[in-house]
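Chemist: Protein chains in written order, with the numbering used here: chain G, 129 to 306; chain V, 10 to 140. The beta-carbon is built from N, C-alpha and C at its ideal position, and this holds for glycine as well. Everything numeric in this text was worked out from a predicted model, so none of it was measured.
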Amino acid sequence: MIYKGGVSYELIAKARNQIRQVFKRNKLGYKIQSVFMELAHNILLHSEEKNNMGDYESVGTLALDEREGYYLLMTGNVMGNASVEKLTSHCEFINSLDRKDLIDFKIELSEKETHKDSKGGGLGLVQIVLLSGNSLQVVTERINDQSTYLGFCAKIPKENAKSLDTTKKTPPEDPKEE
Amino acid sequence: MRNLYIEETTGAFLTPEVKLNADTGSCSLQGESFIENPREFYQPIIEWIDTYMKEVKGNMCWDLKFLYLNSSSSKIMSSIFRKLKEYEDQGARIEVNWYYPDDNTDLLEEGEYFKAASRLQFKMIPYPFED
Chain G
129 MIYKGGVSYE LIAKARNQIR QVFKRNKLGY KIQSVFMELA HNILLHSEEK
179 NNMGDYESVG TLALDEREGY YLLMTGNVMG NASVEKLTSH CEFINSLDRK
229 DLIDFKIELS EKETHKDSKG GGLGLVQIVL LSGNSLQVVT ERINDQSTYL
279 GFCAKIPKEN AKSLDTTKKT PPEDPKEE
Chain V
10 MRNLYIEETT GAFLTPEVKL NADTGSCSLQ GESFIENPRE FYQPIIEWID
60 TYMKEVKGNM CWDLKFLYLN SSSSKIMSSI FRKLKEYEDQ GARIEVNWYY
110 PDDNTDLLEE GEYFKAASRL QFKMIPYPFE D
């Protein structure tokens with residue numbers, strides 16, 4: 129599945145319903161759907177490229193691909209250079225954390241007040257890494273002095289489907305707890 | 010004090026069904042949460058809890074059966090649980106039942122995260138899910 133164009137709540141809902149249908153009998157369905165929605169929501173809230181068709185929608189690219197051992201969810205959109213720098217360092221920090229520290233960081237972020245006009249909770253990237261169980265890859269390509277093209281890539285291993293057979297997942301750093 | 014009922018919505022925006030009973034202290038949220046402005050949706054719930062804490066001063070039992078909530082909704086739910094914990098620390102008894110589909114460890118982990126973030130006692134209750 130590949131899409132490039134305006135991203136709206138209606139589009140996210142349609143794509144999500146399609147993902148739900150395709151992964152109806154797959155235990156990874158919830159993960160894929162949730163990661164997709166966080167990534168798509170990021171485009172909707174933060175893309176600086178807007179279409180000029182009257183509705184001024186945020187523009188971006190969304191892709192879902194199946195590989196041999198995993199699924200890939202990729203997004204791309206244009207952002208301001210300053211925002212990209214903040215986002216990439218935020219992402220580097222998140223990627224450096226193990227699962228327990230990620231959960232602690234999610235708690236820390238949830239306790240921070242967000243500006244009343246802010247639509248994002250600041251937790252989206254943390255949630256993506258927790259759900260996928262993998263680092264979130266970030267690629268950037270500077271367009272000019274104002275803008276950068278930013279790409280995210282989340283990898284969801286198919287082997288997760290097996291671990292979902294148990295009701296409690298063991299954190300990778302302490303397998304003895306199961 | 011009035012009860013609060015908000016119907017579930019599906020479509021482009023997803024909001025859970027909300028039932029808050031001021032007479033019994035029985036409260037439930039059920040469904041999915043993905044909205045343009047979660048703060049606006051959850052504000053009446055926060056205000057209802059504030060009024061309940063001031064006027065009714067009773068115990069509460071929360072039944073939560075989310076099928077999906079995005080990170081922005083999750084952040085607001087965290088603040089609701091912290092508010093409930095403050096109320097518990099003032100002497101109220103708060104019971105939280107977190108229902109999750111038995112094949113969905115992500116939703117179980119979301120409940121465990123809320124438990125850790127709020128320090129409330131959560132009862133994790135799996136149920137067989139059929140899509």
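Which runs of the alpha helix (DSSP H) at least 4 residues long sit entirely within the stretch 43 to 87 of chain V? Give them in chain order.
Modeler: List check, alpha helix (DSSP H) in window: 47 to 60.
Chemist: One question on the structure: do Ala142 (chain V) and Phe90 (chain V) come within less than 8 angstroms of each other, judged by their Cβ atoms?
Modeler: This structure gives no information on residue 142 (chain V), because the portion of chain V shown stretches from 10 to 140.
Chemist: DSSP beta-bridge partners for Asp193 (chain G)?
Modeler: As a position in the first sequence, residue 193 (chain G) is number 65, starting the count at 1. In the DSSP output, where bridge partners are listed per residue, Asp193 (chain G) has G:Leu200.
Chemist: Looking only at its own chain, which residues have a Cβ that is under 8 angstroms from the Cβ of Val65 (chain V), when we skip the five neighbours before and after it?
Modeler: In the second sequence, residue 65 (chain V) corresponds to position 56, counting from 1. So the list reads Met10, Ala31 and Gly34, once near-sequence residues are dropped.
Chemist: Could you name the residues of chain G that Gly20 (chain V) contacts, counting a contact when the two beta carbons are closer than 7 angstroms?
Modeler: In the second sequence, counting from the first residue as 1, residue 20 (chain V) sits at position 11. Within 7 angstroms Cβ-Cβ: Ala141.
Chemist: DSSP on Ser217 (chain G), reduced to helix/strand/coil?
Modeler: Taking the first residue of the first sequence as 1, we reach residue 217 (chain G) at position 89. Helix at Ser217 (chain G).
Chemist: Please decide whether Tyr77 (chain V) counts as near chain G, where near means a Cβ-Cβ distance under 8 angstroms.
Modeler: Numbered from 1 along the second sequence, position 68 holds the residue referred to as residue 77 (chain V). Interface residue, yes.
Chemist: Which residues share a DSSP beta bridge with Lys28 (chain V)?
Modeler: In the second sequence, the residue the question calls residue 28 (chain V) occupies position 19. Lys28 (chain V) is bridged to V:Tyr14 and V:Ser37.
Chemist: With respect to the beta strand (DSSP E) encompassing Met133 (chain V), which residues constitute its N-terminal and C-terminal limits?
Modeler: Within the second sequence, numbered from 1, the residue matching residue 133 (chain V) stands at position 124. Phe131 to Tyr136 is the span of the beta strand (DSSP E), which, as asked, contains Met133 (chain V).
Chemist: Give the interface partners of Glu259 (chain G) over in chain V, defined as CB-CB distance under 7 angstroms, in chain order.
Modeler: The residue given as residue 259 (chain G) occupies position 131 in the first sequence. Here residue 259 (chain G) turns out to be Leu, not Glu, going by the sequence shown. Those within 7 angstroms of Leu259 (chain G) in chain V are Asp115.
Chemist: Can you pull the chain G residues whose beta carbon is under 9 angstroms from the beta carbon of Glu16 (chain V), in chain order?
Modeler: For this step, residue 16 (chain V) is matched to residue 7 along the second sequence. Result: empty, since nearest Cβ-Cβ is about 18 angstroms, beyond 9 angstroms.
Chemist: Which residues in chain V sit within 7 angstroms of Lys234 (chain G), going by Cβ to Cβ distance?
Modeler: Sequence index remark: in the first sequence, residue 234 (chain G) carries index 106 (1-based). Ordered by position in chain V, the residues that pass the 7 angstroms Cβ test against Lys234 (chain G) are Tyr122.
Chemist: Rounding to the nearest angstrom, what Cα-Cα distance links Ile171 (chain G) and Tyr277 (chain G) in this structure?
Modeler: Taking the first sequence and counting its residues from 1, one reaches residue 171 (chain G) at position 43. Taking the first sequence and counting its residues from 1, one reaches residue 277 (chain G) at position 149. C-alpha separation (whole angstroms): 12 angstroms.
Chemist: Secondary structure at Met207 (chain G), three-state DSSP: helix, strand or coil?
Modeler: The residue you call residue 207 (chain G) lines up with position 79 of the first sequence. Three-state DSSP puts Met207 (chain G) in a strand.
Chemist: Say whether chain G places a C-beta atom closer than 8 angstroms to the C-beta of Glu139 (chain V).
Modeler: As a working note, residue 139 (chain V) is residue 130 in the second sequence. It does not: the Cβ of Glu139 (chain V) has no partner Cβ on chain G nearer than 8 angstroms.
Chemist: Answer yes or no: does any C-beta atom of chain G fall closer than 8 angstroms to that of Glu45 (chain V)?
Modeler: Residue numbering aside, residue 45 (chain V) sits at position 36 when the second sequence is read from its first letter. For Glu45 (chain V), the answer is yes, since a Cβ of chain G falls inside 8 angstroms of its Cβ.
Chemist: So what's Gln146 (chain G) in DSSP terms, helix, strand or just coil?
Modeler: The residue given as residue 146 (chain G) occupies position 18 in the first sequence. The answer is helix: DSSP assigns Gln146 (chain G) an H, G or I state.
Chemist: In chain V, which residues lie less than 8 angstroms from Ile231 (chain G) when you measure between Cβ atoms?
Modeler: Here residue 231 (chain G) refers to the residue found at position 103 when the first sequence is read from its first residue. Residues of chain V passing the Cβ test: Tyr122 and Ala125.
Chemist: Does the structure place the stretch 179 to 198 of chain G close enough to the stretch 231 to 238 of chain G that three or more beta carbon pairs sit under 8 angstroms?
Modeler: Cβ pair count under 8 angstroms is below three, so no.
Chemist: With DSSP run on the structure shown, which of helix, strand or coil describes Glu121 (chain V)?
Modeler: Locating residue 121 (chain V) in the second sequence gives position 112, where the first residue counts as 1. DSSP places Glu121 (chain V) in helix when its eight states are reduced to three.
Chemist: Assuming Ser175 (chain G) and Val206 (chain G) make a contact with CB atoms under 8 angstroms, what is their CB distance in whole Å?
Modeler: Position 47 of the first sequence, counted from the first residue, corresponds to residue 175 (chain G). Position 78 of the first sequence, counted from the first residue, corresponds to residue 206 (chain G). At roughly 6 angstroms, the Cβ-Cβ gap stays under 8 angstroms, so Ser175 (chain G) and Val206 (chain G) are in contact.
Chemist: Assuming Glu45 (chain V) and Ser83 (chain V) make a contact with CB atoms under 8 angstroms, what is their CB distance in whole Å?
Modeler: What you label residue 45 (chain V) is simply residue 36 of the second sequence in a count that begins at 1. What you label residue 83 (chain V) is simply residue 74 of the second sequence in a count that begins at 1. Not quite, the Cβ-Cβ distance comes to about 16 angstroms (not below 8 angstroms), so this is no contact.
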